[in-house]
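J.: To start, I am sharing the structure in question, which I have written as structure tokens.
Numbering (our numbering), first residue to last: 6 to 389.
Laid out in structure tokens, this is it:
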């Protein structure tokens with residue numbers, strides 16, 4: 006009779022925990038997904054203008070990263086929500102009065118925490134980097150597609166510039182103007198393949214004042230899709246700069262013509278924050294690259310820091326489970342929001358502690374694991 010009751014209890018516990026985990030994970034993943042997508046709003050709107058399916062594809066590629074964080078903490082919230090409610094409703098006391106040990110209902114929760122941790126580690130150390138890499142690749146393709154549509158429509162193309170970027174355009178012809186230039190815009194009269202005609206580049210200052218105009222009747226274009234750059238070789242060029250009254254060289258304008266522009270002009274058309282880095286390599290490929298000597302010391306350190314951070318978060322269900330069970334048994338409330346508040350507070354303290362130790366201790370992200378060990382042993386002692 007006791008064995009049959011224990012079996013019913015285990016099914017009940019698993020059903021409640023898994024159902025609540027699914028709900029909490031869905032809410033947290035949606036919040037995290039929105040936060041990450043807001044960083045790429047320009048790329049998403051560009052994809053939406055091309056195709057709604059492409060827009061949905063980009064969202065799906067960002068989903069694994071949000072899930073890798075939402076699933077571990079969603080499980081922790083589910084545990085304290087369910088166990089806290091059982092404790093508040095005296096269900097745990099009722100099971101004890103029937104002669105059932107804690108293990109009758111806690112073992113299914115511990116087993117579930119192991120499964121959730123393995124799924125979380127896979128999502129954070131393999132699925133998420135692969136998907137983020139695919140996301141960056143698709144964004145580059147969208148940028149090229151949109152760039153070609155700009156050429157066909159004759160729209161203005163804008164580029165943010167620094168001193169090195171303006172020197173790249175001016176080729177040393179006007180050193181003072183290089184320091185003042187903050188932005189450049191380009192329009193193309195006609196573009197077909199690698200031959201462009203009537204290319205006009207405007208150089209702008211801080212206060213949106215026009216500093217110089219560069220016009221080329223003909224241009225030869227070399228496109229590097231892998232690097233996300235284009236190179237322009239300009240021919241039959243007219244250049245005019247507009248000196249301000251504060252210029253050390255006076256207020257006279259400069260106008261010169263060239264048969265061929267001295268140096269090619271390079272532009273990057275990919276989104277600056279989407280450059281490929283070590284964070285987009287799955288863990289197995291990362292270890293393989295280290296074994297083959299393809300990564301330098303700095304890249305190795307950055308990779309280990311990244312994987313230690315997300316591996317510790319992925320295994321947080323195992324680490325937090327004893328502590329959350331202990332708190333839920335002793336402090337469980339009937340009120341839903343009270344239990345969720347307690348669980349959210351524990352998760353925030355865990356993440357803040359891991360983040361602070363990870364940054365202060367350094368050593369390739371080893372500090373992230375201290376919060377796991379501390380939570381596990383404190384919870385294990387309290388649970389016993």
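Glycine included, each C-beta is placed from N, C-alpha and C at the ideal position.
1. For the beta strand (DSSP E) that residue 264 lies in, which residues bound it at each end?
2. Between which residues of its own chain and residue 276 is the CB-CB distance below 8 Å, once the five residues before and five after are set aside?
3. Under the three-state reduction of DSSP, which class applies to residue 299: helix, strand or coil?
4. Return the CA-CA distance between residue 61 and residue 371, expressed in angstroms with no decimal places.
5. First and last residue of the beta strand (DSSP E) that includes residue 208?
6. Taking only three categories from DSSP, how would you classify residue 94?
7. For residue 344 and residue 85, which I take to be in contact (beta-carbon distance under 8 Å), what is that distance rounded to the nearest angstrom?
8. For residue 236, which beta-bridge partners are listed by DSSP?
9. So, for residue 29: in the same chain, excluding its five sequence neighbours on each side, which residues have a beta-carbon less than 6 Å away from its beta-carbon?
10. So, with DSSP's three-state summary, where would you put residue 130?
11. In this structure, how does DSSP classify residue 219 when only helix, strand and coil are distinguished?
12. Please list, in chain order, all residues of the same chain as residue 377 whose beta carbon is under 7 Å from its beta carbon, the five residues on each side excluded.
13. Beta carbon of residue 242, beta carbon of residue 199: below 8 Å?
14. Roughly how many angstroms separate the alpha carbons of residue 188 and residue 215, rounded to a whole number?
15. Which partner residues of residue 196 appear in the DSSP bridge assignment?
16. Could you check whether the region 67–76 touches the region 21–38, counting it as contact only if at least three pairs of C-beta atoms, one from each stretch, sit closer than 8 Å?
17. For residue 254, does the count of other Cβ atoms within 10 angstroms reach 16, so buried, or fall short, so exposed?
T.: In terms of the structure at hand:
1. 259–265 is the span of the beta strand (DSSP E), which, as asked, contains residue 264.
2. Bear in mind that the predicted position of residue 276 carries a pLDDT of just 46, short of 50, making it unreliable; the figure below should be weighed with that in mind. The beta carbon of residue 276 is closer than 8 Å to those of 45, 47, 48, 144, 148 in its chain, skipping five residues each way along the sequence.
3. Coil, per DSSP.
4. Distance between the alpha carbons of residue 61 and residue 371: 37 Å.
5. Here the beta strand (DSSP E) through residue 208 covers 200–209.
6. Correct three-state label for residue 94: coil.
7. Yes, residue 344 and residue 85 are in contact; Cβ-Cβ is about 5 Å, under 8 Å.
8. Bridge partners of residue 236: 227, 271.
9. Closer than 6 Å at Cβ, skipping near neighbours: 79, 82, 83.
10. Helix at residue 130.
11. Looking at residue 219 - three-state DSSP - the assignment turns out to be strand.
12. These residues qualify, in order along the chain: 317, 320, 321, 324.
13. In this structure, residue 199 does not lie closer than 8 Å to residue 242 by Cβ.
14. Distance between the alpha carbons of residue 188 and residue 215 is about 10 Å.
15. In the DSSP output, where bridge partners are listed per residue, residue 196 has 201.
16. Look at the beta carbons and you see the region 67–76 touching the region 21–38: at least three pairs across the two are nearer than 8 Å.
17. The predicted position of residue 254 is uncertain, since its pLDDT is 48 and thus under 50; a value taken from the coordinates is nonetheless stated next. Around the beta carbon of residue 254, fewer than 16 other beta carbons sit within 10 angstroms, so the residue counts as exposed.
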